[in-house]
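Here's the structure, in structure tokens; my notes come after.
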DNA sequence: ACGCGTGTTACTGT
DNA sequence: GACAGTAACACGCG
């Protein structure tokens, strides 16, 4: 549910609240896909101090004093909670207990949020770091529609369904455009829109919800927003029903 | 009160 | 092999 700007805000706040705390114990309740055993996780992380929380693609990464990293992928419904002594939130996946009796819980009613110890480094660039040259080269190699490409974590990491729509509207490119038919000037607009839309969203979220560590804020979105009927200039918002909904307007140029 | 929404994987079909 | 489409995961929320 949370997308890149939400995760960015969470990592900012978790960093503020948790940096300097030391792991006492980790309880694993329902982590089907955790890549190590509960014992191994505790042996490696217990006693280490939390140094940094940051975002990598759609994952939050927690780095500890000996360099080990715990990655958390929230998937659709993962939620983070801070607690004192005991976690009372339902559907716990994993709980980190710190030496001051505070803790961090990851929950997910669907049970698919995934913790990973020392996740592999990825070659794929993050949405906030990709440069125009890379995207142009990569897009020239595919005739998939551009929205699918933006959502493809093997091409660009971090963009989800709602922000893909928002970005494409800002770049005035139809989501159904064929990737390798989009002209150079439009690709520059796209690269620019990726950065500004995501960065501005993070600022909006932190402004309205300064302490946010779960859920998502979407009320400022201009196009992917079920409460809106029109773009700022008055173009009707069209909703395409597929397995994931696409919101767009006829202000966006179709290249095919 | 019931239908919508979100990421990923796995799979079928063209 | 490239690409499209769908189901499953299963509940909170409005």
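In our numbering, the protein residues as written are 537 to 792.
Beta carbons: idealized from backbone N, C-alpha and C, even for Gly.
In this text the structure is predicted, and so the values were computed from the model without any measurement.
(request) Could you work out which residue in 788, 750, 766 and 718 is closest to residue 617 when comparing CA atoms only? (result) Position 81 of the first chain, counted from the first residue, corresponds to residue 617. Looking at the Cα atoms, 750 is the closest of the given residues.
(message) At 3 residues or longer, what runs of the beta strand (DSSP E) sit wholly inside the segment 575-634?
(response) 586-592, 595-600, 605-609, 615-620 and 628-634
(message) Which of the three DSSP states is assigned to residue 692 in this structure?
(response) For the purposes of this step, residue 692 is taken as residue 156 along the first chain, with counting starting at 1. Residue 692 falls in the coil class under three-state DSSP.
(request) Please name the residue or residues paired with residue 762 in a DSSP beta bridge. (result) Within the first chain, the letter at position 226 stands for residue 762. Looking at the DSSP assignment, residue 762 forms no beta bridge with any residue, so it has no partner.
(request) Give me the Cα-Cα distance between residue 720 and residue 678, rounded to the nearest whole angstrom. (result) Taking the first chain and counting its residues from 1, the one referred to as residue 720 is at position 184. Taking the first chain and counting its residues from 1, the one referred to as residue 678 is at position 142. Cα to Cα, residue 720 sits roughly 15 Å from residue 678.
(request) Please confirm if the segment 704-719 is in contact with the segment 736-747, defined as three or more CB-CB distances below 8 Å between the two stretches. (result) no
(request) Could you spell out the range, first to last residue, of the beta strand (DSSP E) harbouring residue 793? (result) Lying outside 537 to 792, the shown extent of the chain, residue 793 is not represented and no answer is given.
(message) Going by the DSSP bridge assignment, what does residue 638 pair with across the sheet?
(response) In the first chain, residue 638 corresponds to position 102, counting from 1. Paired residue(s): 620.
(request) State the beta-bridge partners of residue 561 as determined by DSSP. (result) Residue numbering aside, residue 561 sits at position 25 when the first chain is read from its first letter. Note: residue 561 sits in a beta bridge opposite 633.
(request) Note down the Cα distance separating residue 547 from residue 632, rounded to an integer number of angstroms. (result) Taking the first chain and counting its residues from 1, one reaches residue 547 at position 11. Taking the first chain and counting its residues from 1, one reaches residue 632 at position 96. Rounded to whole angstroms, residue 547 to residue 632 spans 16 Å at the Cα level.
(message) Rounded to whole angstroms, what is the Cα-Cα separation between residue 644 and residue 565?
(response) Residue 644 sits at position 108 when you count from the first residue of the first chain. Residue 565 sits at position 29 when you count from the first residue of the first chain. Whole-angstrom Cα-Cα distance: 11 Å.
(message) My output table needs one value for residue 571: the three-state DSSP class, helix, strand or coil.
(response) Taking the first chain and counting its residues from 1, one reaches residue 571 at position 35. Three-state DSSP puts residue 571 in coil, outside helix and strand.
(message) Measuring alpha carbon to alpha carbon, tell me which residue in 783, 668 and 769 is nearest residue 728.
(response) Against the first chain, residue 728 aligns to sequence position 192. For residue 728, the nearest C-alpha among the options comes from 668.
(request) Go ahead and pull the three-state DSSP assignment for residue 649. (result) Within the first chain, numbered from 1, the residue matching residue 649 stands at position 113. Residue state, collapsed to three classes: coil.
(request) Take residue 569 as the anchor and find which of 647, 731 and 539 has the nearest alpha-carbon. (result) Locating residue 569 in the first chain gives position 33, counting from the first residue. Looking at the Cα atoms, 647 is the closest of the given residues.
(request) Specify, as a first and last residue, the run of the beta strand (DSSP E) that residue 773 falls within. (result) On the first chain, position 237 is the one that residue 773 refers to. It is not in any beta strand (DSSP E) - residue 773 carries neither H nor E in the DSSP assignment.
(request) Between the Cα of residue 665 and those of 577, 681, 732 and 785, spot the shortest distance and give me the residue it belongs to. (result) To locate residue 665, count along the first chain from 1; it is residue 129. Closest by alpha carbon: 732.
(request) Give every residue of the same chain whose Cβ lies closer than 7 Å to the Cβ of residue 788, excluding the five residues on either side of it in the sequence, and list them in chain order. (result) In the first chain, residue 788 corresponds to position 252, counting from 1. 704, 705, 708, 709 and 710.
(request) Leaving out five residues on either side along the sequence, give the residues of the same chain with a beta carbon under 6 Å from the beta carbon of residue 584. (result) Counted from its first residue, the first chain places residue 584 at position 48. Counting only Cβ-Cβ distances below 6 Å, and skipping sequence neighbours, we find 559, 600, 601 and 602.
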